[in-house]
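Enquirer: Chains as they are written, first to last, in our numbering: chain Y, 1 to 301; chain Z, 1 to 165. Structure below; questions to follow.
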């Protein structure tokens, strides 16, 4: 009798754990009331999010957003899919709601969950307006058949259903919350860095299940080429001699304050993304990354 | 203060040496260990970096524009770029301390072309040093050559650190 109770308790415990892990993952909904997408602004959001670096083959080897080169991770290699308006291999047949679900919650229209190599934990912070603009822009991207090479993952990570459990363990989707104690530039920088810019996806260390750890944000990680990526916390940068304006300058020209060049994956990010930001946005990132008070008006270029 | 015995001084000395070796950053450590031609080219690159830092600070508005300093910096790169720079990379000059990738010697034509381009662009920069307006685009163009060469032919700083640890 006692033995049976033990078994029953064990089965019940296991069931609760499995239910927790494989229950419908958290998702956020957005209210589109009064929001219209603008394709021109959306093109800029695509720059902020650097969609091209992953979703386009490098060196003009394929059409824009038709699918990218393999991204190396400890779990295997991923290839970012076609996000052109192609109705078959792209997202041409999607609705705006489906797109928002994908970007903000990592949920595919077919109900499956994305691997977090697609940085939806960062994109979850995107403003509703930015999502609408991005969608308006992507609809204008000419359709092109997929140039992605598909994922090549090691077991058990090849089992996509596990991503449900991953989300239940680590994914807490929420819109960006400004810090009311800081100024507008600092908050704009915080939004870009933690949201569309998804800096932490490479610059933050990951746990053994590929989860980024809040407390160690930006303290160095692994890049898309499988190589180490440096620490970019305010403290580390200050110790290396970075002062106001240096981050903005590096994001524009790829030069560190010691006159050295930023190479590797970051050179690609600068060329495809940060070089095209507005000077105000680069300055905002500078303010946030170096954790400085907002610059006095017009003192920055 | 009580005088330290010879042995104490020896032990203390060892501790200081080990301590500074352990504390030294990967970059610094690499450069300190380098000798001969490897050290020579690292010093050359450092002198380029110094010139670029100064010009970058002018572009950022951290220091006022100084055409003469730009000309001097550009001259340094012109003098030591091109053939002089290529001569600092003889075949077989790879070493543990060096950041140079074997790709240099596998793509020698491309490498020497970039080194030559550096010299040409630096000369153009010296000629454009008169005003900040003419300086800016030429400076940006020059740094593109730095990037192109570093991306192809230099070991990344982070990889270097990993090797040493």
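Glycine included, every Cβ here is placed at the ideal spot set by N, Cα and C. Because the structure is a prediction, the values reported are computed rather than measured.
Check whether the Cβ atoms of residue 62(Y) and residue 80(Y) lie closer than 8 Å to each other.
Expert: Stepping through the first chain from its first residue, residue 62(Y) is reached at position 62. Stepping through the first chain from its first residue, residue 80(Y) is reached at position 80. Not closer than 8 Å, so no.
Enquirer: Among 28(Y), 227(Y), 8(Y) and 88(Y), which has the Cα closest to the Cα of residue 146(Y)?
Expert: On the first chain, residue 146(Y) is found 146 positions in, with the first residue counted as 1. With distances taken between Cα atoms, residue 146(Y) lies closest to 88(Y).
Enquirer: Mind reading off the beta-carbon distance from residue 203(Y) to residue 220(Y)? Whole number of angstroms is fine, and I expect it under 8 Å.
Expert: Here residue 203(Y) refers to the residue found at position 203 of the first chain. Here residue 220(Y) refers to the residue found at position 220 of the first chain. Correct: roughly 7 Å between the Cβ atoms.
Enquirer: If the criterion is Cβ atoms closer than 8 Å, does the pair residue 78(Y) and residue 151(Y) meet it?
Expert: In the first chain, the residue the question calls residue 78(Y) occupies position 78. In the first chain, the residue the question calls residue 151(Y) occupies position 151. In contact: residue 78(Y) and residue 151(Y) (Cβ atoms closer than 8 Å).
Enquirer: What three-state label does DSSP hand residue 93(Y) in the structure shown?
Expert: Here residue 93(Y) corresponds to residue number 93 of the first chain, with the count starting at 1. If DSSP states are grouped into helix, strand and coil, residue 93(Y) belongs with coil.
Enquirer: Any beta-carbon of chain Z closer than 8 Å to the one on residue 234(Y)?
Expert: Counting from one through the first chain, the residue named residue 234(Y) turns up at place 234. It does not; no Cβ of chain Z falls within 8 Å.
Enquirer: Which residues of the region 29-62 of chain Z have a Cβ closer than 9 Å to any Cβ of chain Y? Give them in chain order.
Expert: Listed in sequence order: 45, 46, 48, 49, 50, 51, 52, 53, 54, 55, 56, 57, 59, 60, 61 and 62.
Enquirer: When the cut-off is 8 Å and only beta carbons count, does residue 259(Y) lie next to chain A?
Expert: Judged by its chain identifiers, the structure shown contains no chain A, and its protein chains are Y and Z.
Enquirer: Cα separation between residue 284(Y) and residue 93(Z)?
Expert: As a working mapping, residue 284(Y) is identified with position 284 in the first chain. As a working mapping, residue 93(Z) is identified with position 93 in the second chain. Their backbone Cα atoms lie some 44 Å apart in a straight line.
Enquirer: Does the Cβ of residue 94(Y) lie closer than 7 Å to at least one heavy atom of the ligand COA?
Expert: This structure simply doesn't include the ligand COA, nor any ligand for that matter.
Enquirer: What span of residues does the alpha helix (DSSP H) with residue 135(Z) cover, start to end?
Expert: On the second chain, position 135 is the one that residue 135(Z) refers to. Run containing residue 135(Z): 132-153, per the alpha helix (DSSP H) assignment.
Enquirer: Can you give me the start and stop residues for the alpha helix (DSSP H) that residue 53(Y) sits inside?
Expert: In the first chain, the residue the question calls residue 53(Y) occupies position 53. Element bounds for residue 53(Y): 51-55.
Enquirer: Give a yes or no on whether the minimum CB-CB distance between residue 227(Y) and chain Z is below 8 Å.
Expert: Residue numbering aside, residue 227(Y) sits at position 227 when the first chain is read from its first letter. Closer than 8 Å to some Cβ of chain Z, the Cβ of residue 227(Y) qualifies, so yes.
Enquirer: Return the CA-CA distance between residue 89(Z) and residue 96(Z), expressed in angstroms with no decimal places.
Expert: Locating residue 89(Z) in the second chain gives position 89, where the first residue counts as 1. Locating residue 96(Z) in the second chain gives position 96, where the first residue counts as 1. Roughly 15 Å separates the two Cα atoms.
Enquirer: Using 10 angstroms around the beta-carbon of residue 137(Y), count the other beta-carbons present and answer buried if the total reaches 16, otherwise exposed.
Expert: Position 137 of the first chain holds residue 137(Y). Buried, since its Cβ has 16 or more Cβ neighbours within 10 Å.
Enquirer: With a threshold of 8 Å between beta carbons, is residue 119(Z) in contact with chain Y?
Expert: Counting from one through the second chain, the residue named residue 119(Z) turns up at place 119. Chain Y contact via Cβ: absent.
Enquirer: Three or more C-beta pairs under 8 Å: does that hold for the region 200-215 of chain Y against the region 48-60 of chain Y?
Expert: No: fewer than three Cβ pairs fall under 8 Å.
Enquirer: So, do the region 73-87 of chain Z and the region 42-51 of chain Z have three or more beta carbon pairs nearer to each other than 8 Å?
Expert: Touching, per the Cβ criterion.
Enquirer: Closer than 8 Å, CB to CB, is residue 113(Z) near chain Y or not?
Expert: For the purposes of this step, residue 113(Z) is taken as the residue at position 113 of the second chain. No, because no Cβ of chain Y sits closer than 8 Å to the Cβ of residue 113(Z).
Enquirer: Sort 113(Y), 218(Y), 129(Y) and 251(Y) by Cα distance to residue 40(Y) and report the nearest one.
Expert: In the first chain, counting from the first residue as 1, residue 40(Y) sits at position 40. Considering only alpha carbons, the answer is 129(Y).
Enquirer: With which residues is residue 221(Y) paired in a DSSP beta bridge?
Expert: Translated into positions along the first chain, residue 221(Y) becomes position 221. Partner(s): 229(Y).
Enquirer: Quick one: does residue 156(Z) have its CB under 8 Å from some CB of chain Y?
Expert: If you number the second chain from 1, residue 156(Z) lands on position 156. Yes, contact with chain Y.
Enquirer: When burial is assigned at 16 or more other CB atoms within 10 Å of the CB, is residue 224(Y) buried or exposed?
Expert: Residue numbering aside, residue 224(Y) sits at position 224 when the first chain is read from its first letter. It counts as buried.
Enquirer: Compare the C-beta of residue 290(Y) with all C-beta atoms of chain Z and state if any pair is closer than 8 Å.
Expert: Along the first chain, read from residue 1 onward, the residue named residue 290(Y) stands at position 290. No, no contact with chain Z.
Enquirer: For residue 76(Z) and chain Y, any beta-carbon pair shorter than 8 Å?
Expert: Position 76 of the second chain holds residue 76(Z). No, because no Cβ of chain Y sits closer than 8 Å to the Cβ of residue 76(Z).
Enquirer: Counting only beta-carbon separations shorter than 8 Å, does residue 150(Z) have a partner in chain Y?
Expert: In the second chain, counting from the first residue as 1, residue 150(Z) sits at position 150. Chain Y contact via Cβ: present.
Enquirer: Let me know if residue 261(Y) comes out buried or exposed under the rule of 16 or more other beta-carbons within 10 Å of its beta-carbon.
Expert: Along the first chain, read from residue 1 onward, the residue named residue 261(Y) stands at position 261. With 16 or more Cβ atoms within 10 Å of its Cβ, residue 261(Y) is classed as buried.
Enquirer: For residue 140(Z) and chain Y, any beta-carbon pair shorter than 8 Å?
Expert: Numbered from 1 along the second chain, position 140 holds the residue referred to as residue 140(Z). Yes - at least one Cβ of chain Y is within 8 Å of the one on residue 140(Z).
Enquirer: Per DSSP, which one or two residues make a beta bridge with residue 73(Y)?
Expert: Here residue 73(Y) refers to the residue found at position 73 when the first chain is read from its first residue. The partner list for residue 73(Y) (beta bridge, DSSP) reads 76(Y).
Enquirer: Exposed or buried, residue 23(Z), counting other C-beta atoms within 10 Å across all chains shown (16 or more means buried)?
Expert: On the second chain, position 23 is the one that residue 23(Z) refers to. Residue placement at residue 23(Z) cannot be trusted, given a pLDDT of 42 that sits under 50; the coordinates are not used to answer.
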